[in-house]
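Colleague: So that we are looking at the same thing, I have put the structure below in structure tokens.
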Amino acid sequence: MPADLPGSVGDLPSRGLLAAQLNLGDGTHQALFRRDHDLLCLSVMLAPAVDDGALDWSAPEDQWSGVADEPPASLVGAVRLYQGHLGRSEAGPRAVVTAAPELARTCASAWSGWHQTPGWEERGATTGLGFAVWEPAAPADDQIERRLLVLVPGSRDGELVAWTWNRRDAAAPAFQRYLAGAAKVRYQWRVRDGGEAVHGLRDRLDERGARLREFLRDPVPFPDRVAACVQQLHVDQVDLTTVTTRMTEMRHSVKISGANMAAILAADGTVPRDGDPFATDRRLVEHVVDQLDDDLVFLGAAGTRVEAVLALAARSTQHVRSAEHVRSAPDIQLDPEEMTQLRAELAAAFGAGVRASQLLEEIGLPRARQFVQGGATPLEWWTEMLRELGNGAVDRPYRSTLEAALREYGYNDVFVRLARRHGLR
């Protein structure tokens with residue numbers, strides 16, 4: 001096993017034990033360096049030269065604190081394990097240490113000066129292997145470094161080594177893989193950063209969407225102003241896609257970590273119980289997934305609102321262009337037979353209800369000036385409305401009516417034939 005690493009991460013294998021160092025001077029000082037796909041893991045063991053049976057970690061703690069700085073924000077996570085043996089080494093392979101509060105209290109003096117959450121002694125876990133685990137200082141959801149206390153029977157040191165340090169097959173030990181998964185969950189929670197990116201993007205989308213709606217309410221919207229706002233919203237849509245896909249990946253990563261952590265515990269028969277470190281991790285996984293689900297729902301709703309206002313802007317722009325085209329060309333002159341055909345086809349296609357009123361509004365005749373249907377048939381209604389249009393209610397009435405009808409029924413035989421006859425197609 002090499003003692004040094006290559007100069008580039010790209011030269012490292014994708015997984016496995018990569019390097020190791022050992023110093024057996026004054027006590028035990030070992031370091032192992034592993035890679036497990038996307039994680040680089042450094043493990044360091046410090047132990048006194050003589051095991052006098054006292055549960056005192058102050059010396060190795062001082063040693064490590066003397067060389068280790070505060071974990072950087074870019075670190076996925078760090079864990080300090082304070083391990084101890086209980087009982088004689090001859091106790092037998094089936095010996096168990098139960099995470100009893102009384103046992104935890106006997107270790108409390110060893111934690112003097114370190115932060116302790118009140119009642120931590122009551123929240124220990126007895127693993128399926130028969131080891132006792134506590135977390136004296138309950139970690140915050142976004143905490144980088146954790147401290148765990150692990151007590152095992154003196155006769156089962158080999159199993160402790162395989163669980164927390166190194167296995168004979170050089171694969172990553174189970175507890176290390178579990179803690180790596182928990183660290184990934186907390187790392188993703190830190191990346192979420194309280195949802196600031198989500199809230200900021202939602203606010204920006206809603207603000208610009210509201211501004212565009214106000215622009216479109218103007219009877220004569222300024223095209224440049226509308227176009228600039230539409231362009232900004234299109235850029236925001238790209239940002240929305242980026243944030244949404246990344247959050248979807250985050251959610252999937254957290255789900256995978258949670259499933260892997262649960263599988264590791266199930267493999268050795270560990271059952272999380274309310275308040276213990278494993279149950280706390282499980283609740284955090286659920287909480288992070290729920291929060292990411294909420295974020296995705298809110299972002300999806302914001303995206304839907306933006307799509308609606310952009311569609312409105314597109315229709316408005318089309319109508320403005322159509323109106324400009326109508327104003328630039330003379331009205332068409334329909335003979336009596338063509339007028340009869342147009343009137344009959346409008347009545348058949350649009351009736352005399354909402355759709356007919358919308359078509360007339362589109363060409364510039366407000367609903368207040370439209371004929372009240374009452375008991376009139378669609379043909380009677382359109383006869384009256386075409387007479388009103390022809391009397392100057394709108395500019396170039398027959399051209400605009402026929403073009404509006406074609407936008408709805410582009411393959412209608414009557415509309416198409418009239419349009420071709422008068423040069424509209």
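If you're matching positions, the sequence shown starts at 1 in the UniProt record's numbering and goes up one per residue. Where a beta carbon is used, it is the ideal one built from N, C-alpha and C, also for glycine. As the structure is a computational prediction, the values presented were derived from the model and not from experiment.
#1: Tell me which residues share the same chain as Tyr187 and place their Cβ nearer than 7 Å to its Cβ, disregarding the 5 neighbours each side in the sequence.
#2: Quick check: the region 407-420 against the region 367-386, are at least 3 beta-carbon pairs closer than 8 Å?
#3: Leaving aside the five residues before and after Ala140 along the sequence, list all residues of the same chain whose C-beta is less than 6 Å from its C-beta, in chain order.
#4: Give the straight-line distance between the Cα atoms of Arg80 and Arg146, rounded to the nearest whole angstrom.
#5: Between the alpha carbons of Ala73 and Gln143, how many angstroms are there, rounded?
#6: Could you tell me which whole alpha helix (DSSP H) segments of length 4 or greater appear in the region 145-201?
#7: Spatial neighbours of Thr244 within its chain, please: CB distance less than 7 Å, with the 5 preceding and 5 following residues excluded, ordered by chain position.
#8: Identify which residue in Asp157, Leu346, Gln176, Pro60 has its Cα closest to the Cα of Asn260.
#9: Since I believe Phe415 is in contact with Glu345 (beta carbons under 8 Å), could you give me their beta-carbon distance rounded to a whole number of angstroms?
#10: Based on the DSSP output, what are the partners of Ala47 in its beta bridges?
#11: Less than 9 Å between the C-beta atoms of Val285 and Val238, yes or no?
#12: Does the Cβ of Asp281 have 16 or more other Cβ atoms within 10 Å, making it buried, or fewer, making it exposed?
#13: Provide the residue span of the beta strand (DSSP E) that contains His252, from first to last.
#14: Here's the rule: buried if 16 or more other CB atoms are within 10 angstroms of the residue's CB, otherwise exposed. What is Gly66?
#15: Using CA coordinates, which residue listed in Gly181, His115, Ala329, Pro366 is at the minimum distance from His37?
#16: What does the alpha-carbon distance come out to for the pair Leu103 and Arg273?
#17: Please classify Val394: is it buried, with 16 or more other beta-carbons within 10 angstroms of its beta-carbon, or exposed?
#18: Judging by CA-CA distance, which residue of Trp163, Pro118, Arg168 is the nearest neighbour of Ala174?
#19: Would you report the Cα separation of Arg213 and Asp11, rounded to the nearest angstrom?
#20: Looking only at its own chain, which residues have a Cβ that is under 7 Å from the Cβ of Ala329, when we skip the five neighbours before and after it?
#21: Give every residue of the same chain whose Cβ lies closer than 6 Å to the Cβ of Gly87, excluding the five residues on either side of it in the sequence, and list them in chain order.
#22: Name, in chain order, the residues that DSSP records as bridge partners for Tyr82.
#23: Compare the C-alpha of Trp382 against each of Glu403, Pro366, Ser357 and name the closest.
#24: When the Cα of Pro2 is compared with those of Val9, Phe33, Thr28, which residue comes out closest?
Modeller: Looking at the atomic coordinates:
#1: Val76, Gly77
#2: no
#3: none
#4: 6 Å
#5: 10 Å
#6: 157-164, 174-192
#7: Leu296, Leu299
#8: Gln176
#9: 6 Å
#10: Thr28
#11: no
#12: buried
#13: Careful: His252 lies outside any beta strand (DSSP E), inside the alpha helix (DSSP H) at 223-267.
#14: exposed
#15: Gly181
#16: 18 Å
#17: buried
#18: Trp163
#19: 55 Å
#20: Arg399
#21: Pro153, Gly154
#22: Leu149
#23: Ser357
#24: Phe33
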